[in-house]
Structures are given as C-alpha cells and as structure tokens.
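To start, the structure itself, in structure tokens.
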Amino acid sequence: MKGFTNSLRGPFTAGLAFTAFNPFFLLWWLTVGLVLVEAASGLGLLVGYSIMYPSHVWMDYAWLTLMASLGEGGRRMLRSRGYGALLIALAALMAGVGAYALMGLA
11 MKGFTNSLRG PFTAGLAFTA FNPFFLLWWL TVGLVLVEAA SGLGLLVGYS IMYPSHVWMD
71 YAWLTLMASL GEGGRRMLRS RGYGALLIAL AALMAGVGAY ALMGLA
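Taking the numbering used here as reference, the numbering of the sequence shown is continuous, increasing by one, and the terminal residue is 116.
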C-alpha cells in the first residue's frame with residue numbers, strides 16, 4: 011500500500027500547488043464566487059449551501075470532463091495525419107500574417 015500512496019502524492023501535491031498558485035482561482039472566488047456565496051446565503055444557510063455546493067461540484071466535474079475530452083482529442087489528432095494538417099494550417103496563417111505586416115510597411 012505504501013507504493014500506492016507515494017504514487018498519488020506527486021499528482022495530488024501538484025494539483026494543490028497549481029490551484030493554490032493560480033491567480034485566477036483567487037480572482038474567481040473574490041468576484042464570481044463571492045456573488046454566488048452571497049446569493050446562496052440569501053436562501054438561508056442550509057438551503058442555499060445545500061444547493062450551491064452540489065451545483066458547484068457538478069460544474070467543476072462538467073468543466074474538467076470537457077477539458078479532459080478536448081485534451082484527449084488533441085492528443086489523438088497530434089498522433090495522426092491531423093498533426094501535419096495542423097502544422098500546414100498554422101504555417102499558412104503565419105505566412106498570411108507576415109504578408110499582411112509587410113504590406114502595411116510598404
């Protein structure tokens with residue numbers, strides 16, 4: 011069991027660190043989160059927080075599931091011919107932006 015605990019310590023600690031040092035986390039709680047907590051407390055502590063907490067957890071789950079799905083799709087694309095197509099599209103975009111910039115200089 012010791013190996014299992016040690017194998018989870020790295021990802022768990024990394025997750026805590028990224029959350030704690032993410033400036034958007036604190037910014038979100040000081041703006042949007044504070045408004046949500048105030049609205050929930052307006053319904054009464056028990057009712058308001060009984061609604062807010064599961065809703066918040068569910069939205070976190072939905073958001074992280076979406077991000078994981080998009081990440082998996084990107085990983086699959088980067089392994090296939092899609093990666094070459096992505097590189098060609100980005101190169102064409104860069105060439106277009108460069109040509110636009112050069113025309114602005116003339």
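Quick reminder that beta carbons are idealized off the backbone N, C-alpha and C, glycines included.
Around the beta carbon of ALA50, 16 or more other beta carbons sit within 10 angstroms, so the residue counts as buried.
About 7 Å separates the beta carbon of LEU53 from that of ILE61, a gap short enough to meet the 8 Å contact definition.
Taking the C-beta atoms as reference points, LEU96 is found nearer than 8 Å to MET87.
Your pair THR29 and PHE22 does not check out as a contact, with CB atoms roughly 11 Å apart and the cut at 8 Å. Per DSSP, the unbroken alpha helix (DSSP H) holding SER65 starts and ends at 55-89. In the structure shown, PHE35 adopts helical secondary structure according to DSSP, grouped into three states. Excluding its 5 nearest sequence neighbours in each direction, PHE31 has no C-beta neighbour in its own chain below 8 Å.
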